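Residue numbers (the numbering used here), protein chains in the order written: chain A, 804 to 1101; chain B, 80 to 386; chain C, 482 to 948. Structure, as structure tokens:
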Amino acid sequence: MTPSSKPTSNPSVWPGDPHNHAALRRWRRFVIWLLLILGASTMILPFLWMVSSSLKDQLSVFMYPPQWLPDPPHFENYIDVFVVKPFHLYVRNTLYIVLMNEIAILWAASFCAYGFSRLEFWGRRFWFSVVIGTMMLPSVILIVPTFVLFSRLGWIDTYLPFIVPAFFGGGAFNIFLLTQFFRTLPQELADAARIDGCGELSIYARIILPLAKPALATVAVFTFLNAWNDFIGPLLYLSTNEKYTVAMGLALFRGALLQTRWDLLMAAAVIMTVPVLILFFFAQRYFIEGVVMTGLKE
Amino acid sequence: MPINPGWRTRLLPHTNRARRNLMGYLFIAPFLLGFLLWFLLPTATAIWMAFQDWNMMTPPRFIFLENFASLLRDELFWQSLKVTFVYTLFSVPLTMLLAFAVALLMNTKVRGIHFFRTLYYLPVVVPAVAGSILWAWILNTEFGFLNILLRAVGLPKVRWLVDPNLALFSLILVSLWGLGSTMVIYLAGLQGVPDVYYEAADIDGAGRWHKLRHITIPLMSPVIFFTLVMGIIGSFQVFTAGYLITGGGPDNATLFYVLHIYRTGFKNFHMGEAAALSWVLFVIIVALVAIIFKYIGGSVHYGGRES
Amino acid sequence: MGGKMLSRREMLRLTAVVAAGASLAGCLPSSGGPSAGEGAGQPAAAEITISFMGWGGPEESQAVLDLIALFEGENPGVKVTWLHTPEDYMSKLTSMVAAGTPPDTLFTPQDYYKTFCKQGLMLDIQEYLDADSELEIDRYFLQPQEDSRSAYEGRWHGIGCCWVGGHIFYNNEMFQEAGIEPPSTDPEKAWTWEHLIEVAKQLTLDSQGRHPDDAGFDPQDIVQWGIDHQTGGYFPETFLLQNGVQSYDESTNRFNFAEPAAVEGLQNVADLMHKHHVAPLGSNLKDLGMSNTQMLENRKLAMAVDGTYALAWTHKINADLGVACLPKMKQTGTVVVADVRAAMKATQHPDEAYKWVRMTANPIYQSTFLKIGLWWPNQTALMTPEGLESWISERKSPTEGVHPAGYYDLVDKYVRNYTQAWLCPPGFAEAKQVIFSALESVWNGTKTAEEAMAGSIDNANEILASS
């Protein structure tokens, strides 16, 4: 796969030739570029196929050769989706969960992160290692007992299982991320405020939080993504149709159709995907930073 | 905000240290409570459950180790274990290798690196449910996109999701679609490697392969190690693809471990057995990670960075 | 959505659970637990609310809502909340029961109904029924089937809403073009099994246009199949019935799936796929990614054996649709089944719950679904000539009418005289699961029916015995 492994008949671009560096570089650039384009198409083609299928009628999805641009495009598929399943309710429900999660996580994670990053107290290192430990912990191993717990609280078929736990710490990953960020903020401002008699609460609320906007944005973006995409949670806890989230509605859409309507399935998948893509294009920086931070700043 | 000093001395502990401790614990209280409620309590419940025969509707019956014994006799347990191991064994290294290769290509100062990075990362944000349904359609034998491509170049159709020998392989292929997040980490890591190392190697007349082998990879080893550990932990938890694309089939060829837990617990309501399954998974992951730390962690080069 | 936020009561419960620690086992749903406190803690409400859990597509859901409006109009002070759960119903229901928050009233699938009765979860409504002058037992035409599904230890715990069962759907154009007489809706004229195989062979083609008995026929390359059988739910029992065996013996509490005639019935259906090559394999269907209805419409399939309800969507296909009785191995006929509308014992308002449950046995409600092709009736009034006329609408085109020619005969003769209730004793669902998994290897051709049933029948009967 490496570019230099491909021999050509033209000796002047053969990598072993020391006399033609410029041509070699150009040739290598071209191959790299070609490979990247090839890979990127593999990443993107599924999206195009999804959109294309979503605009066909139920018989032309089964046609060969396929039409990339359906003629005529069946935009009404996007309306039919809402007829089969109340996706407008699902969107509303999911946004409600997203909103509550944003409030809970932005508060709780930053609050805890402030403690871990800016305060000295007995046992801090130990508890922070607990944070890192729970971050590594595979969360699915607790789904069974957690289900028992929530069901005994009477939380089945409510949104409480998705919201309440978020208020308790906001997730180890978010605490970790914010702690790392808070540590990079200058100590002087807080010290000056302390001399002025400011309490820790107001330093947290008035100095640190405003400075931490980029990191909070990263957390907010991932919170949206997790809440919007979560499937196993709603699958376990939500029972009634009107309470479903978008993920749940889409997952069960196939059964609701009674026939395999790939056109409608793809339209529903597009409906679920578009909001995250929009978010991604507008907040790309925060996505990438979030991933990089967890990967590199261990 | 100025605070009345009288109020302060009355309410807060007298020594500075005690006050500091109190403040610290006040701030991390949400986490501590969450740890107690959503971690320790479920863990205790899971220990208790693993020894019970319980469907949540009739009273539990203490059966000691019978749940674990019946696991060992259960073909599906071994099958799900096998499926998950094979998936991890291929999906994790392949994702890492490809992601590393793409990151290397992208780190050559080609034009439009941001554009490429966006495209490669895009699949990562796609909801697993939408992605699963999309791939189920792409991998359809008669009308799916992949077989249409094969047919266009004159190759026979492949029964990606229907052939029991291929289905798991197909899901591994699907997992590669999400290599963007690993790639982004590697790319950031590569960009962080100081140029001086390469310049020094150039002076020594080192070739590309030599530089990769002796500079890039050692300097990247903490990052690679991190993605390896997280990749393994993640791939042992795969659920949605198996649930939605193949439903665990054909012939249980894609019965992932978590899917087996889900069916045992929430379809058949054998809650005790499901708790036992969870414990086994926990032990396996911890053991695997420990082995990796022991045998691979030792060769990680931390350079000037703190570990 | 206002009630979904963390209320003070939830916080108190949370604290209680923390205090209780791992002694969670103590709060079992049936013995009260968290749910018992809930009613007591609330101020006495003038209005009573009954929850009603069930599945169904948008049409059925709308009909339920209409019925609720009617009911609430007749019963001021009683509200019904519709918990619409169209997919994954049993896990959802079980998790609500397990959580100690069961619905007041519900659709109870027949395969779970008696298990729930035995676990003491269902409300015994026999006394209500006895006192109910309008709802006497003889309003149900199909006996003893009706009693056999509704009575647990001689007492009704629920009311059947309808019947559904298997029959043939076929694409008449494919028969006309091949010059073959299609199957009949008259049970007297039901095809023999040999005739079915012969016709199915004529209607099965590989990509070169060869039939299964032709030289060079390639079973790997079939493009059109003669027949497809559903094999889920009550269909295995139907195959037994077609070969003259009852699937379950009440006197011994044992399944009969391993009887020689039972094995033969199951093997006959498997042979359609693996021996005669006239039926698509499960993997063929997955390859296509189509349902049998879509295959009928796309002329990839000439006949489909499916349930009554499939007419609700199959009548819309763009083809000349026909229906017919199942062929006879020894006899024609189908197992009939339907969910039971019932109340749960845990309900705080049994009187109102019963009132609501009996409302769902209302003929107007039932005919709503008869008209769209979803059900067969279980009420005598809908089986008289006038009754039948009132809901059967002859299908003239994909958009006009629902019931294909001969549907009247199918209901009047086949349903009335050639059906048997699905026998689902306590523990049925779990025991049947064992049979079902074993049957998978029969349908995919890796085992014979004899091997598969011999290997699973004892296990299944053991589960029945211990339930």
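Note that CB positions come from ideal geometry on N, CA and C, so glycine has one too. Since the model is a prediction, treat every value here as computed from it, not as a measurement.
For this session: Out of Ser-764(C), Ala-612(C), Thr-733(C), Val-892(C), state which residue places its alpha-carbon closest to the alpha-carbon of Cys-806(C).
Result: Val-892(C)
For this session: For Gln-847(C), I'd like the list of residues in its chain whose CB is within less than 8 Å of its CB, leaving aside the five on either flank, ordered along the chain.
Result: Cys-642, Cys-643, Trp-856, Pro-858, Asn-859, Gln-860, Leu-863
Problem set entry | Nearest-angstrom Cβ-Cβ length linking Leu-1109(A) and Gly-1093(A), presumed shorter than 8 Å | Residue 1109(A) is absent from the structure shown; chain A starts at 804 and stops at 1101.
Problem set entry | Sequence-distant residues of its chain with Cβ nearer than 8 Å to Ser-871(C) (five each side left out) | Ser-848, Leu-863
For this session: Take the Cβ of Lys-595(C) as the centre, count every other Cβ of all protein chains shown within 10 Å, and call the residue buried at 16 or more, exposed below.
Result: buried
Problem set entry | Residues near Phe-953(A) by beta carbon distance below 6 Å, same chain, minus five either side | Pro-964
For this session: Along the beta strand (DSSP E) that carries Lys-560(C), what are the first and last residues, could you check?
Result: 559-565
Problem set entry | For Leu-827(A), the three-state DSSP class (helix, strand or coil) | helix
Problem set entry | Other residues of its chain near Gly-257(B): CB distance less than 7 Å, five sequence neighbours each side excluded | Pro-202, Val-203
Problem set entry | Environment of Gly-210(B) [buried if 16+ CB atoms lie within 10 Å] | buried
Exercise. Which of helix, strand or coil does DSSP assign to His-293(B)?
Worked result: helix
For this session: Could you tell me the boundaries of the beta strand (DSSP E) in which His-710(C) lies?
Result: 703-710
Problem set entry | Interface flag, Met-102(B) vs chain C, CB-CB below 8 Å | no
Problem set entry | C-alpha distance - Thr-566(C) paired with Ile-640(C), whole-angstrom precision | 20 Å
Exercise. In chain order, what residues of the stretch 327-338 of chain B put their CB closer than 8 Å to some CB of chain C?
Worked result: Pro-329, Asp-330
Exercise. Roughly how many angstroms lie between the CA atoms of Leu-1028(A) and Arg-342(B), to the nearest whole one?
Worked result: 26 Å
Problem set entry | Rounded straight-line distance, which links the Cα of Gln-748(C) to that of Thr-929(C) | 7 Å
Problem set entry | Residue from Leu-338(B), Gly-328(B), Ala-123(B) whose Cα sits closest to the Cα of Thr-949(A) | Ala-123(B)
Exercise. So, is the C-beta of Ser-688(C) closer than 8 Å to a C-beta in chain B?
Worked result: no
Exercise. Does any CB atom of chain B fall closer than 8 Å to the CB of Asn-1032(A)?
Worked result: yes
For this session: Would you mind sorting Ser-728(C) into buried or exposed? The rule is 16 or more other CB atoms within 10 Å of its CB.
Result: buried
Exercise. What residues in its chain sit with their C-beta under 6 Å from that of Val-864(A), if we drop five residues either side in the sequence?
Worked result: Ser-856, Trp-1065, Asp-1066
Exercise. In angstroms, rounded to a whole number, what distance separates the CA positions of Asp-330(B) and Thr-1043(A)?
Worked result: 31 Å
For this session: Classify Gly-725(C) as helix, strand or coil using the three-state DSSP reduction.
Result: coil
Exercise. Under 8 Å between C-beta atoms, does Arg-99(B) make it to chain A?
Worked result: yes
Exercise. Exposed or buried, which one is Gln-626(C) when buried takes at least 16 other CB atoms within 10 Å?
Worked result: buried
Exercise. Between the stretch 176-202 of chain B and chain A, which residues of the former have a C-beta closer than 8 Å to a C-beta of the latter?
Worked result: Ala-180, Val-181, Leu-184, Met-185, Thr-187, Val-189, Arg-190, Phe-195, Arg-196, Thr-197, Leu-198, Tyr-199, Tyr-200, Leu-201, Pro-202
For this session: Could you tell me the distance, in whole angstroms, from the CA atom of Glu-221(B) to the CA atom of Gln-683(C)?
Result: 24 Å
Exercise. Short check: CB of Gln-711(C) to CB of Val-786(C), under 8 Å?
Worked result: yes
Exercise. Beta carbon of Ser-254(B), beta carbon of Ser-378(B): below 8 Å?
Worked result: no
For this session: Report yes if the C-beta distance between Trp-1012(A) and Ser-932(A) is below 8 Å; otherwise report no.
Result: Just to set this straight, residue 1012(A) is Leu in the shown sequence, not Trp. Cβ distance not < 8 Å, so Leu-1012(A) and Ser-932(A) don't count as in contact.
Exercise. Do three or more CB pairs link the stretch 872-891 of chain C to the stretch 653-671 of chain C at distances below 8 Å?
Worked result: yes
Exercise. With 16 as the cutoff for other CB atoms within 10 Å, does Met-866(A) come out buried or exposed?
Worked result: exposed
Exercise. Shorter than 8 Å from the beta carbon of Glu-540(C) to some beta carbon of chain A?
Worked result: no
Problem set entry | At least three beta-carbon pairs within less than 8 Å, the stretch 926-944 of chain C to the stretch 736-744 of chain C | yes
Exercise. Hey, out of Leu-101(B), Leu-213(B), Leu-155(B), whose CA is closest to Ala-320(B)'s CA?
Worked result: Leu-213(B)
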